[in-house]
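Under this note's numbering, the first residue of the sequence shown carries the number 1038, and numbering increases by one thereafter.
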Amino acid sequence: MFLPATREEMTRRGWGELDVILVTGDTYIDSPYHGVAAIGQVLVKEGFRVGVVSQPRTDSVEDVSRLGEPRLFWGVSAGCVDSMVANYTSSGKRRNQDDFTAGGVNDRRPDRASIAYTGLIRRAFKGTAPIVLGGIEASLRRVAHYDWWDNKIRRALLFDAKADLLVYGMGELSTLELARRLREGISIDDVPGTCRIAKEKPDDALELVPFDEIVQDRAKYVDMFRQFYKHSDPVTGKRLAQRHGDRWLVQNPPSPNLTTEQIDRFSDIPWELETHPTESVHGPVKAWETVRFSVMTHRGCYGECNFCAIAVHQGLAIQSRSEESVVREVERMRDHPKFKGILADAGGPTANMYGYECSKKLKKGSCEHKRCVCPATCPAMPVTHEPHIKLLRRLRAMPGIRKVFVASGIRTDLVMDDDRFGQAYIEEIAAHHVSGQLKVAPEHFDDRILSLMGKPGLGTILDFKERFEKASAKAGKKQFLTYYVIAAHPGCSLDDMKAMGDYARDRFGLTPEQVQIFTPTPGTWSTVMYATGIDPFTGEKVFVERDGGKRRAQKEVVGGHRPPPRNTPGFSTASTRMQSRRY
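Below, the structure is given as structure tokens:
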């Protein structure tokens, strides 16, 4: 059942007022892939009355006030992506299309939506219930951060949005605890997984580098982010505080990792898997159509790629659902009138991380001085593809299921590290779970730049390619690998990208087409490099291409387009040819 989005829907449920109203920058879709819907349905399952206001107009308070005031709190989210990422391309141009909006026209999500929606609520209701920020925009901007669109260090989001509280991470446990405490009149100052503003620093809080000091000396951003990142781990994370003028941003320790039982309980919801009727009249939601009949098997990632924010949002620990939970969701999906027997994806941030995790990490937290899979997979990581193989076999054996695809991408290094089940996984995927192309993400073909990205070298890609092609031929299928790469990452020059294109054509027999320009977004090590020009792991200076035209040229040159003349101001003439050896 949809969460109420109109007064009429509230009446049909017998609700005269709501405990919580969630405001989102996305079109409302009742799906586990829609963050506000997921939080709302979890709250309803625990007995709270929750409504949704999606993409309210900001030139009037009519939309945001249509459900009245909540009894406990407002929840504000910019949507499934940061609103600035949603509204602007990697070249800084305004996007015409919004894949998270019904009809696709980008005219319904304001810039810095968390700030805009909080101001809208305060205009509509004076002295209203607490306003709580959540979602990816709030999570990654929860402390002082570099903002590429303004090219400056911005304050923690709570100060600019003037909200009362911020929930970071995936949010189920934090939001439930917050709702319970507000209902019972208990202090919410120490709810795990939340941030607040305080007049004084708590005695037990570790102090981050103050906002004013980072503004004056960006090099200090490296030290600030290092400590912030360290305490994003739910096992070892401590309370943090960061001075902003005469006030403090206080971040409570993260919420615990979910157990399998908890993630199963939060997933066991009879989703509508549809756009809300008041929104569907505007047209389809492009991003939604690709994942409607997909199932998330787990969350989290231990890849820790430097350009990725999953580590400080979902976490480094893999939190897997049980087979039974996944099967129950697919059984419900099977009853949907639009379901044609094809499961578009069975995976997570990285598909082949399902079902295994380092027991030491779960008990003692992530290692401070080494990573799980870079520069090589840690011997303590019990890599096994057996759980994913078993799950995929069970799903495709279900009555009414014609095809199960793995569309969320895989780590080739983990496949090659699995001596027992790696080859079986390749053959399983090639024979049954590829829709013509399988996504892999080397990101670059130069070991030096891969190191700056926090990615392992190309040691496994060519071997994996050979095995995948043989397995596809054995299955009687003509299938390909799709390679995702990044241009203009810190440390990468035009010469590097040209060399990468040449290498791809020479060794892979292709020209990479899935090339994206690096966008510095809050919450990543790569953004720290971009903002400071410093490699945070060595302290050495790193080349950063900041000119928009030259950033675009890095993308274009991969396809064999001519680079600009070498006397173009800012053009890098440093020789960065890649080695021709077999990686």
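By construction, the Cβ of each residue, glycine as well, lies at the ideal position given by its N, Cα and C atoms.
Note that the coordinates shown come from a computational prediction; the quantities given were computed from them, not determined experimentally.
Worksheet item: Taking just the CA atoms, how far does Thr-1064 sit from Gln-1134?
Response: For the purposes of this step, residue 1134 is identified with residue 97 of the sequence shown, where counting begins at 1. For the purposes of this step, residue 1064 is identified with residue 27 of the sequence shown, where counting begins at 1. Distance between the alpha carbons of Gln-1134 and Thr-1064: 13 Å.
Worksheet entry | According to DSSP, residues forming a beta bridge with Ile-1571 | Taking the first residue of the sequence shown as 1, we reach residue 1571 at position 534. Per DSSP, Lys-1578.
Practice prompt. Within the same chain, show all residues whose beta-carbon is closer than 6 Å to that of Leu-1059, passing over the 5 residues directly before and after it, in chain order.
Written response: Counted from its first residue, the sequence shown places residue 1059 at position 22. Closer than 6 Å at the Cβ level, and outside the excluded window around Leu-1059, lie Val-1073, Gly-1077, Val-1089, Gly-1112.
Worksheet item: In three-state DSSP terms, what is Ile-1190?
Response: Stepping through the sequence shown from its first residue, residue 1190 is reached at position 153. Three-state result, Ile-1190: strand.
Worksheet item: Taking buried to mean at least 16 other C-beta atoms within 10 Å of its own C-beta, is Ala-1417 buried or exposed?
Response: One-based indexing of the sequence shown puts residue 1417 at position 380. By the 10 Å Cβ count, Ala-1417 comes out exposed.
Practice prompt. Go ahead and pull the three-state DSSP assignment for Ser-1151.
Written response: Counted from its first residue, the sequence shown places residue 1151 at position 114. If DSSP states are grouped into helix, strand and coil, Ser-1151 belongs with the helices.
Worksheet item: Considering only residues of the same chain and omitting the five flanking positions on each side of Ala-1465, which have a CB-CB separation below 7 Å?
Response: Position 428 of the sequence shown, counting from 1, holds the residue named residue 1465. For the record, residue 1465 in the displayed sequence is Glu; it is not Ala. Correct list, in chain order: Ile-1426, Leu-1429.
Practice prompt. Below 7 Å CB to CB, which residues in the same chain sit around Gly-1570 once its five sequence neighbours on both sides are set aside?
Written response: What you label residue 1570 is simply residue 533 of the sequence shown in a count that begins at 1. Same-chain partners within the cutoff: Lys-1578, Val-1579, Val-1581.
Worksheet item: How is the beta strand (DSSP E) around Ala-1461 delimited, first residue to last?
Response: As a first step, residue 1461 is located in the sequence shown; it is residue number 424 there, counting from the start. Counting along the chain, Ala-1461 sits inside no beta strand (DSSP E); it lies in the alpha helix (DSSP H) bounded by residues 1459 to 1469.
Worksheet item: Since Trp-1285 is in the beta strand (DSSP E), which residue starts that stretch and which ends it?
Response: For the purposes of this step, residue 1285 is taken as residue 248 along the sequence shown, with counting starting at 1. Taken as a continuous stretch (DSSP letters only), the beta strand (DSSP E) holding Trp-1285 covers 1284 to 1288.
Worksheet item: In this structure, does DSSP put Val-1204 in helix, strand or coil?
Response: Translated into positions along the sequence shown, residue 1204 becomes position 167. It is a strand residue.
Worksheet item: Got a sec, what are the start and stop residues for the beta strand (DSSP E) Thr-1231 sits in?
Response: As a working note, residue 1231 is residue 194 in the sequence shown. Annotation for Thr-1231: the continuous beta strand (DSSP E) segment containing it runs 1231 to 1235.
Worksheet item: Just checking my contact of Asp-1226 with Arg-1233 at CB under 8 Å: how many whole Å lie between their CB atoms?
Response: Working through the sequence shown from its first residue, we reach residue 1226 at position 189. Working through the sequence shown from its first residue, we reach residue 1233 at position 196. Right, their Cβ atoms sit about 6 Å apart.
Item to complete: Out of Arg-1276, Ser-1211, Lys-1189, point me to the one whose CA is closest to Gln-1253's CA.
Response: Taking the first residue of the sequence shown as position 1, residue 1253 is located at position 216. For the residues Arg-1276, Ser-1211, Lys-1189, the minimum Cα distance to Gln-1253 belongs to Lys-1189.
Item to complete: Given a cut-off of 9 Å, decide if Gly-1156 and Val-1204 are closer than it, judged by their beta-carbon atoms.
Response: Working through the sequence shown from its first residue, we reach residue 1204 at position 167. Working through the sequence shown from its first residue, we reach residue 1156 at position 119. Result no, Cβ atoms of Val-1204 and Gly-1156 do not sit closer than 9 Å.
Fill in: Helix, strand or coil at Ala-1413 [DSSP, three-state]
Here residue 1413 corresponds to residue number 376 of the sequence shown, with the count starting at 1. Here Ala-1413 sits in coil by DSSP.
Worksheet item: Can you tell me whether Val-1318 is buried or exposed, with buried defined as 16 or more other CB within 10 angstroms of its CB?
Response: As a first step, residue 1318 must be located in the sequence shown, where it is residue number 281. Classification for Val-1318: exposed.
Worksheet item: Helix, strand or coil: how does DSSP classify Phe-1085 here?
Response: Here residue 1085 refers to the residue found at position 48 of the sequence shown. In the structure shown, Phe-1085 adopts coil according to DSSP, grouped into three states.
Worksheet item: Among all the DSSP beta bridges, which residues are the ones paired with Ala-1278?
Response: The sequence position of residue 1278 within the sequence shown is 241, counting from 1. Residue pairing from DSSP places Ala-1278 in a beta bridge opposite Glu-1244, Val-1287.
Worksheet item: Under the rule that 16 or more other beta-carbon atoms within 10 Å means buried, what is Ala-1042, buried or exposed?
Response: Your numbering for residue 1042 matches position 5 in the sequence shown. Label assigned to Ala-1042: buried.
Item to complete: List in chain order: all unbroken beta strand (DSSP E) runs of 3+ residues lying wholly within the segment 1468 to 1499.
Response: The segment 1468 to 1499 is shown to contain whole beta strand (DSSP E) runs of 3 or more residues at 1474 to 1480, in chain order.
Fill in: Exposed unless 16 or more other CB atoms sit within 10 angstroms - verdict on Leu-1622
With the chain covering only 1038 through 1620, there is no way to say anything about residue 1622.
Worksheet item: By DSSP, does Trp-1562 sit in helix, in strand, or in coil?
Response: Walking along the sequence shown from the start, residue 1562 turns up at place 525. Looking at Trp-1562 - three-state DSSP - the assignment turns out to be helix.
Fill in: Reduced DSSP category for Gly-1607 - H, G, I as helix; E, B as strand; rest coil
Translated into the one-based positions of the sequence shown, residue 1607 becomes position 570. Its pLDDT being 33, under 50, Gly-1607 is placed unreliably by the model, and the measurement read from it follows with that caveat. Residue state, collapsed to three classes: coil.
Worksheet item: So Lys-1476 and Gly-1446 are in contact, right, with Cβ under 8 Å, and what is the actual spacing, rounded?
Response: The residue labelled residue 1476 in the question sits at position 439 within the sequence shown. The residue labelled residue 1446 in the question sits at position 409 within the sequence shown. Yes, they are in contact, since the Cβ atoms of Lys-1476 and Gly-1446 sit about 4 Å apart, within 8 Å.
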